[in-house]
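What the sequence shown shows, in this note's numbering, is residues 130 to 551, in sequence order. The C-beta atom is built at its ideal place from N, Cα and C for all residues, glycine as well. Below is one structure, written out as structure tokens, with a few remarks after it.
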Amino acid sequence: MSQDLKAAALEYHAKPRPGKLSVEITKPTQNARDLALAYSPGVAEPVREIAKDPENAYRYTGKGNLVAVISNGSAILGLGNLGALASKPVMEGKGVLFKRFAGIDVFDIEVDTENPKDFIDTVARIADTFGGINLEDIKAPECFEIEKALIEQCSIPVFHDDQHGTAIVTAAGMLNALELQGKTLETARVVCLGAGAAATACMKLLLACGAKSENILMVDRKGVIHAGRTDLNEYKAQFANETDCRTLADACNGADVFVGLSGADLLKAEMLASMAENPIVFACSNPDPEIRPELALATRNDLIMATGRSDYPNQVNNVLGFPFIFRGALDVRATEINEEMKVAAVQALRDLAKQPVPKAICEAYGVDHLEFGRDYIIPKPLDARLMEFVASAVAKAAVDSGVARFPYPEHYPLKSVDDIRW
């Protein structure tokens, strides 16, 4: 990052008022009667109604449109374990995206513990405050234990976006790229560099979408995860295959797909050159990808490539998913975000990428034209139609799979945040 951008980022967060979020008042407070209704004595009435039936909290409070964005700061972006308080700017930023793209209110919560049990107990005890919980920037493998326990203990959706948001957007782009390259997920040989939260979730979702486990080779710091290794935890062991491949170079030879969720410059040009005809590379390490697009495209002219960066085509960006996934889940009062809802979000993103792109979106990105193809396999974050496509697909999947407590809303699909019904 340039010095100018660093300075601008610090000024952006500090001025004119520190931070990026505030709390707004949604009811009149102009006179004594308003205040009597807002607080004592009027507030006693909804208290009594909620005590009679906890579901009334959705009717009389902001619970139904409120998501907690929660972290312990143990895996902040690509910066590592910098502690709970240091994660606060990221959690506030997540709140900005929830509000900007899906009209969802957020409280960011930073929990100062790396002990999974303490974290789980803290979050479980405050969960009733919210309509949903978005876990963020928690290191693996603890994040798997934490999410699993909270899903079991909470009656609201719990979603670790570093895992599932990344997986949903990756899967959508991957399926479209495979289609363009004349390949299928069922037969594609996939190499995944990285074995953390995002990598594990990506591969599990690809399996749910039709990939074959025997066609996936996952690579960690020690090499290929194979059946002969004795150093694997339970999360890595599920991807251990019988194979003679031991290195990333071995794994890439003849592979159709490379997914990188690891670190900069780890995919070498010669490894890419050894991949199968019409390869697909998702180099998602940020800010520096596993291979620079310039090098990759100079090495292979039959390549489809995606990164996590906004300054190259095909950005794998979680904002394409999580605001609208929670919007759909909240609007049918889902008890969880299940596999069916994730797959529905994947398909919705795939479908939207194939729609004609309005001129206004092209102008927002400084281009004359966008069309489904090698450089446009996934929608752009500023595409307002994401609300319409993704939220409605997720809501319908929640209803169809039996985890919704409300029917599919009559006012769906939403065109914008202005269509949200309180």
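- Restricting attention to Glu406, Val172, Pro145, Val528, the CA atom closest to the CA of glutamate 468 is found in Val528.
- At a Cβ-Cβ threshold of 7 angstroms, alanine 398 and leucine 432 do not count as neighbours.
- Classified as exposed, glutamate 406 has fewer than 16 neighbouring CB atoms from the shown chains inside 10 Å of its CB.
- Under the criterion of beta carbons closer than 8 angstroms, isoleucine 285 and isoleucine 249 do not qualify as touching, at roughly 15 angstroms.
- For aspartate 504, the closest of Gly450, Phe453, Asn430 by C-alpha to C-alpha distance is Asn430.
- Going by DSSP, phenylalanine 411 is part of the beta strand (DSSP E) stretching over 409-412.
- In the DSSP assignment, cysteine 321 falls within the unbroken beta strand (DSSP E) covering 319-322.
- Take alanine 533, set aside five residues on each side of it, and the residues of its chain with a beta-carbon closer than 7 angstroms to its own are Val461, Arg462, Ala463, Ala527, in chain order.
- Beta-carbon to beta-carbon, glycine 294 and valine 196 are separated by about 13 angstroms, too far to satisfy the 8 angstroms threshold.
- Counting every other CB atom within 10 Å of its CB across the protein chains shown gives proline 536 a total below 16, marking it as exposed.
- According to DSSP, alanine 330 shares a beta bridge with no other residue.
- Contact between the stretch 216-236 and the stretch 162-169 is absent, with fewer than three C-beta pairs closer than 8 angstroms.
- Straight-line measurement puts the Cα of glutamate 419 at about 5 angstroms from the Cα of leucine 395.
- In the DSSP assignment, serine 521 falls within the unbroken alpha helix (DSSP H) covering 521-529.
- Residue state for asparagine 370 is assigned as strand, using DSSP reduced to three classes.
- DSSP places methionine 347 in the strand class (E or B) of the three-state scheme.
- Apart from sequence neighbours up to five positions away, the residues of its chain that approach valine 472 with a beta-carbon distance below 7 angstroms are Ala337, Cys338, ordered along the chain.
- Taking 8 angstroms as the upper bound for CB-CB distance, alanine 482 and asparagine 305 are in contact here, some 6 angstroms apart.
- Secondary structure remark: continuous alpha helix (DSSP H) runs of at least 4 residues inside the stretch 217-243, in chain order: 217-231.
- By the CB criterion at 7 angstroms, valine 240 and asparagine 201 fall inside the cutoff.
- Distance from the CA atom of proline 183 to the CA atom of threonine 299, rounded to whole angstroms, is 38 angstroms.
- For glycine 495, the secondary structure class from DSSP, reduced to helix, strand or coil, is coil.
- Between the beta-carbon of tyrosine 364 and that of phenylalanine 273 there is about 6 angstroms, and that keeps the pair under the 8 angstroms contact cut.
- Around the beta carbon of threonine 359, fewer than 16 other beta carbons sit within 10 angstroms, so the residue counts as exposed.
- Excluding five sequence positions before and after histidine 142, the CB atoms of its chain that fall closer than 8 angstroms to its own CB belong to Gly148, Lys149, Pro218, given in chain order.
- A distance below 7 angstroms between beta-carbons, with the five flanking residues on each side excluded, links glycine 191 to the following residues of its chain, in chain order: Asp234.
- With respect to lysine 268, serine 216 sits apart: the two C-beta atoms are not nearer than 7 angstroms.
- Between the stretch 320-339 and the stretch 381-395 there are three or more C-beta pairs closer than 8 angstroms, enough to call the two in contact.
- Taking C-beta separations shorter than 6 angstroms and ignoring five residues to either side along the sequence, the partners of alanine 340 in its chain run Leu314, following chain order.
- Assignment of threonine 436 by DSSP, reduced to helix, strand and coil, places it in the strand class.
- Looking only at Leu208, Ala296, Lys488, the smallest Cα-Cα distance to alanine 474 is reached by Ala296.
- Contact between alanine 524 and glycine 450 does not hold, since the beta-carbon distance rounds to 14 angstroms and is not under 8 angstroms.
- At least 7 angstroms separates the beta-carbon of leucine 478 from that of methionine 516.
- Rounded to whole angstroms, glutamine 282 and leucine 334 show a C-alpha spacing of 23 angstroms.
- When DSSP states are grouped into helix, strand and coil, histidine 289 belongs to the strand group.
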